[in-house]
Structure formats: structure tokens, C-alpha cells
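One gets the working numbering by counting positions in the sequence shown from 1 and adding 56 to each.
Encoded as C-alpha cells, the structure appears first; notes follow it.
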Amino acid sequence: METTSTPTHCPYCALQCGMNLSPTPEGGVEVTERVDFPVNRGALCGKGRTAPAVLSSRVRLTSPLVRSRGTLVPATWDEALDRIAGELGAIRAEHGPDALGVFGGGGLTNEKAYTLGKFARVVLGTSQIDYNGRFCMSSAAAGGIKAFGLDRGLPFPLEDIPKTGCVILVGSNLAETMPPALRFFSELRENGGTLIVVDPRRTRTAEQADLHLMPRPGTDLALALGLLHLVVAEGRVDEEYVRERTSGWEEARAAAMAHWPEHVERITGVSVPQLREAVRMFCEPEAAMVLTARGPEQQSKGTDTVGAWINLCLATGRAGRPLSGYGCLTGQGNGQGGREHGQKADQLPGYRKLDDPAARRHVAEVWGVDPDSLPGPGRSAYELLDALGTDIRSLLLMASNPVVSAPRAAHIEERLKSLDFLAVCDVVLSETAALADVVLPVTQWAEETGTMTSLEGRVLLRRRAITPPAGVRSDLEVLHELAARLGVEKGFPTDPEEVFEELRRASAGGPADYSGITYRRLVEENGVFWPCPAPAPEEAGAVGGAGAVGGAVTGAAVDDGGGDDGEDTGFDVIPEDPTRDEAGPAQPGAVLPANVHPGTPRLFLDRFATDDGRARFAPVSHRPAAEEPDEEYPVFLTTGRVVAQYQSGAQTRRVDELNAAAPGPFVELHPRLAARLGAAEGDPLAVVSRRGRAVAPARITTGIRPDTVFMPFHWPGEGRANTLTNPALDPTSRMPEFKVCAVRVEIAGA
Ligand code: SF4
């Protein structure tokens, strides 16, 4: 146990709130306020406040478990690691490397995500790796890359929100998912700006809005097209911006003009006057933003839907300009960094593409392997899980609980059971770990050091604050030990900083360039926004002794964001920049060597990251959800989160205070639908889709459309919402359609 308070960050969502961990007299640790982190300024939600409860050995795994005669029994680390290495080696020898699946998570630190991707490709030689972040934000990532040439969830810091004129928040209930972020929107309204919320439910977030649009689930794309149609019809297009900074407008314009307002009203259920009001509110101020979250993204047309919202920004000149832009509110703790450094099926570190020969050469050189030895792209997350027990015979899984979180979860549970071998690394015995042949107990946030990248693209250092319980090891140690047992003795360090130094080199020159970031900078500056290239070799040499940025030199070019426009004193205070105030470098008065890149809080202000520097319109049209209501399944189901639970609930369901606040699943429905069913508050309702049946008590509210029911997805068992959800995939992002499917609702047992 450390004797002093340690500044660190929350283990849960992508807001990555700052907190201090302070020792208690009893020898434990408690969360105390940390006001120096500008995003949350000390505020935390209940999940963050109670996070130390999951450190308790009362709820933890502290010994490896190995299945013996059908039962998981305690084993030594050597027994467990030998068993995993032996099984993986035997399966690979018999069926080839692609019979070995690897599944990661958006909660893994950058160092772990990086090492897991390297382990899969270098040690196992498999192409079959993906992660649960595919379920979280991949459509926004795909839409952002198509339009801007780069995916960073927010291309500006959150602190810009209160200073803009209008925000359209599409499918985000941040009052429940990240409550401390709500203050940015309250401040927006206090400053005279307006908030438009798009959501089929009147959520606590929607209650804050100046205008709440309640479209039918799965029609956000049509809604965005209808708004763009009105922008054109009302002469609100920023012609000069479109001409100077974009391409593809004519096709996008033609597609939007086919979505006239009355047609869009019929598709979405949002009235024409509301559409007109939204356009007025969005277009009248000088600056405005669109922020999307899982609502529009978790659809079988999520990439096109994101494209349609970006089109609205581009046509009105609201991207790549101060206080304007499109952004995605990433969900998982390291959902951003986890999608940058190589645990995705098609990706190498630094957000490089696995099928790009130059990227393969660069990363292979860092890894000391032949580029031709690297496998090609593999299957996406759902496709990988769906293939378990067929040509994928084993799975190594870290930081994920697909038995609860995957779509069509009962089917995925069967696929997991059909494997020849399943190994799971986790902190607790999750529902997925309980199916494993070997479970390895690993360290977690407060017990280890590592970097996370927040939804703003701000790289943060989460520091070790306490000694882990006896019996657990870090994921990095696990991968080191397995690599050695599988014949790769070098290249898998267990020290997170050593891994990060390698990650810097691997990411250098890539879209997500971390090469100028060091642990020391992260501490001194309270986080650094990527891209942050390292100085070129000669400049690094000229600085001499510039330990603050590390001696690691990558050859990456310094871009024009460096602050070296004064006298060559060697060190400069970061120049005052009125648009940079709180954002970056986050630590006021931080001093950097003159040639050191300060990081990039705001992207695209001069040019987009496309070849020609222009943003690209997406020529998209509305299409229905993969499954629409019909006679047999007449109601929409949409799913989401509640404030007191997090994702699959593996951690938060073990915290008494959170369980008391949110003890179990429910079915939210409108009084008119309840009356049709003859259901009263609390009655057990069976929700049935083509994939299964879930039962949970009724929660009746006028805050939802009468044609829609809502279920939170945090629980296993008979109330598991993902038993019902549809794995129909977006053709580009391969993201499943969690947010809309057709169900029928009946009183259970009636
Ligand atoms: Fe943690 Fe997110 Fe809650 Fe902040 S909002 S305390 S990061 S769960």
C-alpha cells in the first residue's frame, strides 16, 4: 500500500474522470476528489465513487482456476499457464494458426491492447483477433475515416461544447452513461446555446434539451437526410466552405433532396415543424456541433447514419472550424486507445492498416519479424464469436464478457461452450469466465500502471496506487509467460512503460501517432492529445538532455504544431492560446522543450486528414432496419444502460451500493402499450424476438414511444436483453444492430 494519495483515473467509461486514490486507516483505499483534471473537476458518478469495492478480495479471483472433471478448481500459475500453452500449441499444430481465436476489450490499457495484438500475430500467428469495441463505436470510426480520413472520437476537447451555439446530441443518454459530462451541456445552455436531443426515449438527458426529437428506432439516417434537405431548401448551405474544403457534395445533395420533409416525417415520426425548428436552431448560430453515440451507431446502417450526420455538418460549414464539428462520444474506458493499437481484426498499431505493405514493414521492423510472417485481416467480433467451435477451435479472451454483451447472446454462449479450449483472463468470475477451461486472475486499474486514451483523444496515465492481492498477475505478465512457453522468449516485456516505449515507435508516423508522448509528459501535462509526433532525430539531438520527452527517436516528422517560433532557448512555456485554455497541455504552466510537439487538442482546423485535405460527403440514402415490426413481432426493442451499472455488469454487479440502486433488468414501455397488454407496473413481461425470450418486470412511463420497449443490457440470466438483439452487421464497420429489432411483448406466464 502506498502511503500517500495517488492521482489517477476511473476504471470505467471513456470520460476517464480524474480521481485520487487515498489509503484508509484500515489498509484499504478510497476515492477522494481530484480537482486538477479539467474534464470532471472532481465530480464522479456512483460507479467511479464506488470503484474500490471491486478491488476487494471478497469479489476477486485470486487463484488461477483449471477445469477438472467438469469443475473449475484452483491451480498454480505454472499449471494454468502450461495448460493454456499446451492446448494452444496442440490446436495450432493440428488445425493451423487460424484455429486460435483471440478476443480483447475496450477496457484494456493501450499497452495491453498493443501487446495482445502483437501476441496474436507474432506468437500465435493467427489472423483471428478482434475485440468488444467493435460493438461500441466502430460505425462512428468508419464514418469518421470515410469523411475526415481519421478517426478520433472527439476532434475537439469537451470544454469547447459550452462555447458553441448549438449541439445536436444523437442517441446518447449521457445523464446515465457519463453524468459528469452533463455539465458541459448545462453550461452551453447557460451561455445561450441550445441543445437538441435525438432519442426515441425521453431520457434524463432529453429532459435537459431545448428540443427533443423522438424518431422511430432505426430511422436516424432518414432524420439527418431530412434536416439536410431543409438546409438546402432554405438556402442555408455554406457554399464557400463546401467548395473550398469538401468533395462529393453533388451526390450527397441529390440523395438528401430525395428525402423531402413529409416523407421523412412518415419514416421517422418526427413532424415537419420539428424538423424545421431543428434546422433553424442548428444553422442560426455561428458555430454548432453534432455528437453521436450508440443510438445511431449500433445499427446495420450505422456507418451511413454517421455519414449523414457528418454531411449535415459539412453542408453548413460546421467541421474543422473552431467550436464546430462532428464527434462521437466513445463509451468504453479505453474505447479510443483500444481501437488504435492493433487488437482490431484489420489493424496494426498507430491506427495502421494490416493490409498496407508499408505499415506491415514499419511494424514488422519494430517487432523484429519478417513482414511476410504477419497474418492478414481476420473476422470482426461477432463473426469471430459466431465461428467458435467451427474452424476456430480455441479462444483466449481478455477483459470481455460476451455471454452478456454479445448480440444473440444465447447463441454465442453455445458457441463458447462448443470450443475445444477456452482461456479467460479476468478480475472476477464473469459469466464467460465461468465457461472457461482455464481462468487467470489478473490485476486491475489501481493495481497496475498503464495509459488510457479518453473519448477526447487525450492520452492519460493511470497509475498504480496499491499492491495487488497475492495470487494475481498482470495481463502483460500472462502474455510474457505464454509467449515464452510458445517459444518466443523476447519482445513481450512486463513493464508497462517499456511496452509504451515500443508502442511509441510502432505508432510513429501512423494516423494515431504517440511517438512524442512519454509517461513523464503524461504526468507533467495531465494528459496529451494525439497525434503527437516525436521530434526528428536531429532536433531531438539539438535539445540534448530532453528527458521530458524521452530520448526515443522515431524518425517521424515534426508537424507544424510544434511551438518553436521564439528564441532558441531550448525550453519554452507553451504559448498562450485562447482556444487551448483548459485543453492542452492540460497542466497550466507546463514547460516543454522548444521542439516538442504539444499534442493536438483540435483536429482539422487547417485541413482534413484525407489525401487532398478535403472532407468527403457520404452519398447515403435511408434504408429500413434489418428487422422491422410485423404481425408476429409488432414492437421495436431498443437497449441501453442505466447509471448505476456498467456494460455487462461483471464489475458493477459486485458493488452493493450499485446493486441497491439498480438491482435488475426491466422492460420500459408506454402506458398505451401496457394497457393493450393488460400489464401493470412491476408485472413480469416476456419479451420475445426471433432469437429468444427474456423476462423482466414492467416499468411504465410516458417517456418512451408507444411502439417501442427498452431494456438495459447489464444482466445475465432470464432478463438478459442481448438474448433478443439482432446480430445483423453494418457492411462497413461490421457492427451489430443492438439498437433496434422486432419483438412481441406478453405478460409472462399468462
Ligand atoms: Fe467513471 Fe465514467 Fe462515472 Fe466518470 S462518468 S466516474 S469515468 S464511470
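Glycine included, each C-beta is placed from N, C-alpha and C at the ideal position.
Owing to the predicted nature of the structure, the values given are computational and were not obtained by experimental measurement.
Can we count residue 202 as close to the ligand SF4, meaning its CB is less than 6 Å from some heavy atom? No.
Rank 542, 271, 128 and 499 by C-alpha distance to the C-alpha of residue 529 and give the top, closest one. For residue 529, the closest C-alpha among the options 542, 271, 128 and 499 is that of 499.
Does the Cβ of residue 629 have 16 or more other Cβ atoms within 10 Å, making it buried, or fewer, making it exposed? Only weak support exists for where residue 629 lies, its pLDDT of 25 falling under 50; the value from the coordinates is given anyway. Around the beta carbon of residue 629, fewer than 16 other beta carbons sit within 10 angstroms, so the residue counts as exposed.
In the DSSP output, which residue or residues are listed as bridge partners for residue 802? Assignment of beta-bridge partners to residue 802 by DSSP yields 742.
Is residue 619 helix, strand or coil by DSSP? Only weak support exists for where residue 619 lies, its pLDDT of 31 falling under 50; the value from the coordinates is given anyway. DSSP, reduced to helix, strand and coil, places residue 619 outside both helices and strands of the structure shown, so it counts as coil.
What I want to know is whether the C-beta of residue 357 ends up closer than 6 Å to one or more non-hydrogen atoms of the ligand SF4. Checking the Cβ of residue 357 against the ligand SF4 gives no.
Within the present structure, is the beta-carbon of residue 234 separated from the nearest heavy atom of the ligand SF4 by less than 6 Å? In this structure, the ligand SF4 has a non-hydrogen atom nearer than 6 Å to the beta-carbon of residue 234.
Please report the distance separating the alpha-carbon of residue 479 from that of residue 651. Our two residues, residue 479 and residue 651, have alpha carbons roughly 46 Å apart in a direct line.
For residue 185, does the three-state DSSP call read helix, strand or coil? In the structure shown, residue 185 sits in a strand (DSSP, three-state: E or B).
Between which two residues does the beta strand (DSSP E) containing residue 224 stretch? Per DSSP, the unbroken beta strand (DSSP E) holding residue 224 starts and ends at 222-226.
Residue nearest to residue 527 in terms of C-alpha spacing, selected from 70, 92 and 118: Selected option, being the one with the closest Cα: 118.
According to DSSP, is residue 520 helix, strand or coil? Reduced to three states, the DSSP call for residue 520 is coil.
Do residue 350 and residue 783 have their C-beta atoms closer together than 7 Å? Pairing residue 350 with residue 783 gives a Cβ-Cβ distance that is not under 7 Å.
C-beta contact flag for residue 78 and residue 64 at 7 Å: No. Outside cutoff.
Taking 6 Å as the cut-off, is the C-beta of residue 192 nearer than that to any heavy atom in the ligand SF4? Taken from the Cβ of residue 192, every heavy atom of the ligand SF4 lies 6 Å or farther away.
Any Cβ of chain B within less than 7 Å of the Cβ of residue 685? Among the protein chains of the structure shown there is no chain B, as only one such chain exists.
Boundaries of the alpha helix (DSSP H) in which residue 482 is found, first to last residue: Where residue 482 is concerned, there is no enclosing alpha helix (DSSP H), although the beta strand (DSSP E) it sits in stretches over 477-482.
Entirely within the region 266-334 and at least 4 residues each: give me those alpha helix (DSSP H) ranges in chain order. Within the region 266-334, the complete alpha helix (DSSP H) runs of at least 4 residues are 276-289, 295-301, 305-313 and 317-324.
Boundaries (first-last residue) of the beta strand (DSSP E) holding residue 414: Per DSSP, residue 414 belongs to no beta strand (DSSP E); it is in the alpha helix (DSSP H), 413-423.
Measure the CB-CB distance between residue 585 and residue 695 and report whether it falls below 7 Å. For the 7 Å CB-CB criterion, residue 585 and residue 695 do not form a contact.
By how many angstroms is the C-alpha of residue 233 removed from the C-alpha of residue 221? Residue 221 and residue 233 have their C-alpha atoms roughly 24 Å apart.
Status (buried if at least 16 other CB within 10 Å, exposed otherwise) for residue 798: Residue 798 counts as buried, since no fewer than 16 other beta carbons sit within 10 angstroms of its beta carbon.
Give me the residue from 190, 142 and 722 with the minimum Cα distance to residue 396. Looking at the Cα atoms, 190 is the closest of the given residues.
Just to confirm the assignment, what range does the alpha helix (DSSP H) spanning residue 678 have? Element bounds for residue 678: n/a, residue is neither H nor E.
Using a Cβ-based criterion (distance less than 6 Å to any ligand heavy atom), does residue 54 qualify as near the ligand SF4? Here the chain has residues from 57 to 806 only, and residue 54 is not among them.
Specify the secondary structure class of residue 702 as computed by DSSP and reduced to three states. Residue 702: coil per DSSP, three-state reduction.
Beta-carbon proximity of residue 362 to residue 372, cut-off 7 Å: In this structure, residue 362 keeps its C-beta atom at 7 Å or more from the C-beta atom of residue 372.
Leaving out the 5 sequence neighbours to the left and right, which residues in its chain are closer than 7 Å to residue 780 when beta-carbon positions are compared? A distance below 7 Å between beta-carbons, with the five flanking residues on each side excluded, links residue 780 to the following residues of its chain, in chain order: 693, 743, 745, 747, 748, 750, 797 and 799.
Residues in the same chain with beta-carbon distance under 8 Å from residue 685, minus the five sequence neighbours each way, listed in chain order, please. Non-local beta-carbon contacts of residue 685 in its own chain, meaning distances under 8 Å to residues more than five positions away in sequence, involve 691, 692, 763 and 798 in chain order.
Among residues of its own chain, excluding the 5 on either side of residue 731, which ones have a beta-carbon nearer than 6 Å to its beta-carbon? Counting only residues of its own chain and dropping the five nearest sequence neighbours on each side, residue 731 has no CB closer than 6 Å to any other CB.
If you draw a straight line from the alpha carbon of residue 90 to that of residue 97, how long is it in whole angstroms? Rounded to whole angstroms, residue 90 and residue 97 show a C-alpha spacing of 7 Å.
Going by DSSP, what residue range makes up the beta strand (DSSP E) through residue 159? Residue 159 -> beta strand (DSSP E) spans 156-160.
Close beta carbons around residue 493, own chain, < 6 Å, minus the five adjacent residues each side: The answer, listed in chain order, is 123, 477 and 478.
Would you kindly report the start and end of the unbroken alpha helix (DSSP H) that includes residue 166? First-last of the alpha helix (DSSP H) with residue 166: 166-174.
Measuring CB to CB, does residue 471 end up less than 7 Å from residue 506? No, the Cβ-Cβ distance between residue 471 and residue 506 is not below 7 Å.
Just checking residue 104 against the ligand SF4 - is the residue's beta carbon closer than 6 Å to any of the ligand's heavy atoms? Flag set: Cβ of residue 104 near the ligand SF4.
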